[in-house]
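Asker:
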Amino acid sequence: MKRHKSLYPLSHDHHHALVQAKNLRIAAKNADDKETLRQVAMQTITYWSNDLCAHFRQEEVILLPVFARHTTADHPEIVETLRQHDDIRAAVDQLKNDLEQAANLAVASQTLADQLSQHIRYEEQRLFPLLQEVLPEAALWEIHHRLTTAQGANH
């Protein structure tokens, strides 16, 4: 299914997150190069703080509540998206901790890269197509308007 233009801002963010996950995965596989792994882990934490955390908030405060208005707040895709967000937050916290402790950095990096990639696939392949099926056109454009207004306020 072709992506509705109203969801482009989120899909654009997903592209950048996939690049970050790929970089983290490559660094984790080459864990013998500890300095590169440390640098990529630090870049990932910065990316989380500057971009991805806000992306999650936008989905949780804008996208999912609009979806809930047209379904239910406990819809399985809403519950699953929030669970995955919590898991990724925990993986970021673990990466921060392992970076500070200089321990298990490759494992934490690989875990976060995998979770992030799986989450993006889930949203792009399951959640977004469902939103496009369920939400009326006006609701999709409401999401877009609120996303772009929020992004303008953040920059």
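For the sequence shown, the positions run 2 to 156 when this note's numbering is used.
Quick reminder that beta carbons are idealized off the backbone N, C-alpha and C, glycines included.
Note that the coordinates shown come from a computational prediction; the quantities given were computed from them, not determined experimentally.
Using C-beta distances below 6 Å, list every residue in its chain close to A109, excluding the 5 sequence neighbours before and after it, in chain order.
Answerer: Same-chain partners within the cutoff: Q95, L96 and D99.
Asker: Taking buried to mean at least 16 other C-beta atoms within 10 Å of its own C-beta, is E124 buried or exposed?
Answerer: E124 should be labelled buried.
Asker: So, do the stretch 16-31 and the stretch 103-118 have three or more beta carbon pairs nearer to each other than 8 Å?
Answerer: In short, these stretches touch, since the Cβ pair count reaches three.
Asker: For R58, tell me which candidate among A42, R90 and E36 has the shortest Cα-Cα distance.
Answerer: Closest by alpha carbon: R90.
Asker: So, with DSSP's three-state summary, where would you put D34?
Answerer: Three-state result, D34: coil.
Asker: Just to confirm my understanding: we take I46, look at its own chain, exclude 5 residues before and 5 after, and list those with CB closer than 8 Å. What are they?
Answerer: Taken in chain order, the residues that qualify are V93, L96, K97 and L100.
Asker: Taking its Cβ as the centre, do 16 or more other Cβ atoms sit within 10 Å of D14, making it buried, or is it exposed?
Answerer: The residue in question, D14, is buried, as its Cβ has 16 or more Cβ neighbours within 10 Å.
Asker: Count the other CB atoms within 10 Å of the CB of E60; is the residue buried (16 or more) or exposed (fewer)?
Answerer: The residue in question, E60, is buried, as its Cβ has 16 or more Cβ neighbours within 10 Å.
Asker: Specify, as a first and last residue, the run of the alpha helix (DSSP H) that L89 falls within.
Answerer: Checking the sequence, you will find Ile at residue 89 rather than Leu. Note, I89: alpha helix (DSSP H), P77 to Q102.
Asker: Please list the terminal residues of the continuous alpha helix (DSSP H) segment that includes V67.
Answerer: V67 -> alpha helix (DSSP H) spans L65 to H71.
Asker: Taking 7 Å as the cut-off, decide whether the C-beta atoms of S161 and I144 are in contact.
Answerer: Lying before the first or after the last residue shown, residue 161 is absent from the chain, which here runs from 2 to 156.
Asker: Locate the alpha helix (DSSP H) running through A107, then write down its first and last residues.
Answerer: Segment L106 to Y123, the alpha helix (DSSP H) holding A107.
Asker: Buried or exposed, going by whether 16 or more other CB atoms sit within 10 Å of the CB of V139?
Answerer: In the sequence as presented, Val is not what sits at residue 139; that position holds Ala. Its Cβ having fewer than 16 others within 10 Å, A139 is exposed.
Asker: Could you spell out the range, first to last residue, of the alpha helix (DSSP H) harbouring V62?
Answerer: It is not in any alpha helix (DSSP H) - V62 carries neither H nor E in the DSSP assignment.
Asker: Does M2 come out as helix, strand or coil in the three-state DSSP assignment?
Answerer: Residue state, collapsed to three classes: coil.
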